[in-house]
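Going letter by letter, the sequence shown gives residues -3 to 674 in the working numbering. Yeah, the Cβ is synthetic: ideal placement off N, Cα and C, and Gly gets one too. Please read all numbers here as calculations on a predicted model, not as lab measurements. Structure, as structure tokens:
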Amino acid sequence: MWRRNSNMASNGVIWAKNKVIGNILHGEAMLVAPWVTYALSIAIFGIALAAQFIIMPVEGGAEFVAFYPAVFFSAFLLGARPGLLTLALSATTVEYIFLPPFGSFRLEAGQLAPLATFIVSGGAFCFLTHQMQLRAVELRKYKAIVESSSDAIIGESPGGIITERKQAEDALREKEERLALATVNNGVGIWDWNLQTQEMIWDDSMYALYHIRREDFIGTEEAWRAALHPDDLTRGDQEVDDAISGKKPFETEFRVVWPNGEIHYIKAVAKVFRDDMGTPLRMLGINMDVSDLRKTEVELRELNNDFVTLLENTGDIICFKGQDSRIRFCSQTLANITGHSSWRDMIGKHDLEIFPKDTARIYYEEELPIFRDGKPLMNKTDPYYDAQGRRRWVNTNKLPVFGDDKRTVVGIFGISRDITELKEAENKINELNRDLERRVDERTAQLEAANKELESFSYSVSHDLRTPLRAVDGFSRILQDEYADKLDDEGKRLLNVVRDNTSRMQHLIDDILKFSRTSRLEMSYSEIDMLGLVHAVVEELSPSVAEVNLQMEIEAIPAATGDRSMMHQVFVNLLSNAIKFSRSKDPAKIKVGSFIEGDEAVYFVQDNGVGFDMQYADKLFGVFQRLHGVNEFEGTGIGLAIVKRIIERQGGRVWAEGKLDEGATIYFALPTKDKNHE
């Protein structure tokens, strides 16, 4: 074998390709009437189709085996455009007839790669053929100039002959450059193997595909075989032998190992050219790097496996429907609840085929707006019946799937989760709530009856207590008025004690009745001028502070919504307490103010009186709870309890802050927004 330099290799490529064109095409295809070439291309396609129907039962999976030669023959013999016509007819026919799903233009994931390879290979070959035909015409023109008669040559000036020859060479070089540019840009490498001399010629793209330097390639079959992956050598040799012997066309895929160890996948297609006796003369073919395509196929296969694993193992109900409302895929869970052994058995079925009519109608009607408006359906609770006929419940989300135009809904993706247990628990809770409400109503009725009995008892007790108290008070007053001279000092003191306790008992009974009334009186809500109310109460209490050095500060407090008479009682109790516990101070200071906190208006009455220890703050608002002795401060211990009850009935709250000998602040908060009271 001989080794070629770069110029020799380049000239060899030109010679080899022009030789093929000259021997087979002669440029005649472009001189025939166009309709004839197109008719012949259709005839070639028809022959290939008939051959494919014969081959398919024998060679399963060889969907393109008869159509590759058809495209090449049309391109070589008739031209690029007839070749493209054959390519288009072949690709459409294979997709519709020979690739699953049969009788449809939809493709399964694994079928895209061979179809794309066929289209790209055929298109590239048609383009290359067109370029070679154009170059053949230029060669004939050049030969005509060189082989013109000697008289004509002598008659012309040497300069003119040289100029015309140079123009022909330049035109050929431009054609060659355009052809090289096209193959490089498309990642297609062209090779020419002379079967008589065993010389193999590569273009520049081939060296790039194999990652081999031009000077390292010796131009033989062995040099090509050296680049193949060891595991692909035997198969590669067999496919070359089959192509040369005429058993089948050369269309294969193999791996090449780059010098750096990288492995690349190569798609190869070639045609064997023979003489009139059928002797193989040369193979002319193309190579393409399909590594990225194979990587994508692996990723798609892994993704598909993951997706199938998800469909077969998820506990959720997953379903995708096309525009015809038929299932494209679904989870195994949906298959199980509808009595199907595999989710694949569900493909192509309509809801009417797997659900009761009423249930299917619900699903269909809720999906119509999704297809029409593209709006998702979220958090819809739907019933369904499982394979055993049991009624169950699912929470469903259905989302529109848009087409390439981003507007047309081409399908609906739905995912549902079985919430039967949750639904049953919810029903149980509702039942318990109804039972609880019934019990609350019963208990409320019992409490109302008890309150009425307590109210009646309170009036009875107050009446029964007042009668003897009035008698005790009356007789003690008679003793003081009519028998004072007969009593010594101790008797008079004891008699005063009796009268004081009688009066205190009378006040206590009155406060108990007042506290009882705050719980039963019907409230009348209206807007209250709180500032005006405070001033009115201060005016009422002014006689009791005539002898007290009192400094009263009243801020501009906001209005409130509530029962005015009850709020009047609140301020009377709070201001009376503040005056009572601060009258020993000089000056006694009382402040009425407010502030907004969230959705509440907080009002307060602050004094600088005796105060209290915060550890006893929880006792302030209890009935009969006192932090000071009766001898220190008058009162029954019910005033703040009444305040607490009134405020709580109006939807508010009350609390206190204080410190011994530094005063106290009583707060109450009322809602600023409408709320349910009591």
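Nearest-angstrom Cα distance between residue i and residue j?
{"i": "Pro464", "j": "Gly635", "result": "25 Å"}
{"i": "Ile208", "j": "Asp238", "result": "27 Å"}
{"i": "Ile40", "j": "Tyr359", "result": "52 Å"}
{"i": "Arg368", "j": "Asp302", "result": "32 Å"}
{"i": "Ala556", "j": "Glu593", "result": "14 Å"}
{"i": "Lys640", "j": "Tyr663", "result": "10 Å"}
{"i": "Ala665", "j": "Lys581", "result": "28 Å"}
{"i": "Asp212", "j": "Leu130", "result": "32 Å"}
{"i": "His336", "j": "Asn393", "result": "23 Å"}
{"i": "Thr193", "j": "Thr216", "result": "9 Å"}
{"i": "Thr329", "j": "Pro372", "result": "23 Å"}
{"i": "Gln565", "j": "Glu420", "result": "51 Å"}
{"i": "Thr292", "j": "Trp198", "result": "28 Å"}
{"i": "Gln384", "j": "Val406", "result": "33 Å"}
{"i": "Leu616", "j": "Lys424", "result": "43 Å"}
{"i": "Asp354", "j": "Lys345", "result": "17 Å"}
{"i": "Gly528", "j": "Ala552", "result": "10 Å"}
{"i": "Phe123", "j": "Thr230", "result": "32 Å"}
{"i": "Leu656", "j": "Val588", "result": "20 Å"}
{"i": "Leu81", "j": "Val116", "result": "14 Å"}
{"i": "Asp37", "j": "Val265", "result": "Contrary to the premise, residue 37 reads as Ser rather than Asp in this sequence. Taking the straight line from one Cα to the other gives about 20 Å."}
{"i": "Phe567", "j": "Arg434", "result": "39 Å"}
{"i": "Phe591", "j": "Leu546", "result": "24 Å"}
{"i": "Asp469", "j": "Val601", "result": "37 Å"}
{"i": "Asp347", "j": "Ser321", "result": "8 Å"}
Going by CA-CA distance only, name the one from the options that's closest to residue i.
{"i": "Thr125", "options": "Tyr360, Ser86, Ile93, Ile186", "result": "Ile186"}
{"i": "Ser540", "options": "Glu549, Val566, Ile553, Arg579", "result": "Arg579"}
{"i": "Val390", "options": "Val397, Pro379, Ala383", "result": "Pro379"}
{"i": "Glu675", "options": "Arg641, Leu108, Gln319, Ala574", "result": "Outside the shown range of the chain, which is -3 to 674, sits residue 675, and nothing can be said about it."}
{"i": "Leu570", "options": "Leu483, Ala637, Ile333", "result": "Ala637"}
{"i": "Lys585", "options": "Glu644, Ala660, Lys244, Val639", "result": "Ala660"}
{"i": "Gly75", "options": "Ala46, Ala109, Glu104, Ala120", "result": "Ala120"}
{"i": "Met563", "options": "Ala652, Ala542, Phe591, Glu523", "result": "Glu523"}
{"i": "Val533", "options": "Arg560, Thr113, Val406", "result": "Arg560"}
{"i": "Leu73", "options": "Gly257, Arg430, Tyr34, Arg439", "result": "Tyr34"}
{"i": "Ile51", "options": "Lys243, Val236, Thr113", "result": "Lys243"}
{"i": "Asn283", "options": "Leu205, Thr82, Leu81, Ser520", "result": "Leu205"}
{"i": "Val184", "options": "Glu195, Asn190, Met196, Tyr203", "result": "Tyr203"}
{"i": "Trp339", "options": "Val588, Leu306, Gly605, Leu364", "result": "Leu306"}
{"i": "Asn497", "options": "Lys482, Ser472, Glu486", "result": "Ser472"}
{"i": "Arg413", "options": "Met273, Ser327, Glu363", "result": "Ser327"}
If I follow the unbroken alpha helix (DSSP H) through residue i, where does it start and stop?
{"i": "Ile350", "result": "347 to 350"}
{"i": "Asn573", "result": "560 to 578"}
{"i": "Pro78", "result": "76 to 89"}
{"i": "Leu483", "result": "Here Leu483 belongs to no alpha helix (DSSP H), and DSSP marks it neither H nor E."}
{"i": "Ser201", "result": "200 to 206"}
{"i": "Gln234", "result": "229 to 241"}
{"i": "Pro276", "result": "No alpha helix (DSSP H) holds Pro276; the beta strand (DSSP E) holding it covers 276 to 285."}
{"i": "Trp389", "result": "No alpha helix (DSSP H) holds Trp389; the beta strand (DSSP E) holding it covers 387 to 398."}
{"i": "Pro365", "result": "353 to 369"}
{"i": "Gln48", "result": "30 to 51"}
{"i": "Trp220", "result": "217 to 223"}
{"i": "Val530", "result": "526 to 537"}
{"i": "Ala331", "result": "328 to 333"}
{"i": "Ile643", "result": "635 to 645"}
For residue i, does the three-state DSSP call read helix, strand or coil?
{"i": "Trp254", "result": "coil"}
{"i": "Ala266", "result": "strand"}
{"i": "Pro379", "result": "strand"}
{"i": "Lys402", "result": "coil"}
{"i": "Pro245", "result": "coil"}
{"i": "Glu653", "result": "strand"}
{"i": "His260", "result": "strand"}
{"i": "Leu475", "result": "helix"}
{"i": "Thr557", "result": "strand"}
{"i": "Asp188", "result": "strand"}
{"i": "Ile408", "result": "strand"}
{"i": "Leu373", "result": "strand"}
{"i": "Leu436", "result": "It is Val, not Leu, that sits at residue 436 in the sequence shown. Val436: helix per DSSP, three-state reduction."}
{"i": "Leu616", "result": "coil"}
{"i": "Glu59", "result": "coil"}
Quick check on the DSSP output: the beta strand (DSSP E) that includes residue i runs from which residue to which?
{"i": "Ala93", "result": "Residue 93 is actually Ile in this sequence, not Ala. Premise fails: Ile93 is in no beta strand (DSSP E) and is neither H nor E."}
{"i": "Met519", "result": "Met519 -> no beta strand (DSSP E), and no H or E assigned at all."}
{"i": "Ala660", "result": "659 to 667"}
{"i": "Val544", "result": "Per DSSP, Val544 belongs to no beta strand (DSSP E) and is neither H nor E."}
Is the beta carbon of residue i within less than 7 Å of some heavy atom of the ligand ZN?
{"i": "Arg388", "result": "Absence of the ligand ZN is noted for the structure shown, with no ligands found whatsoever."}
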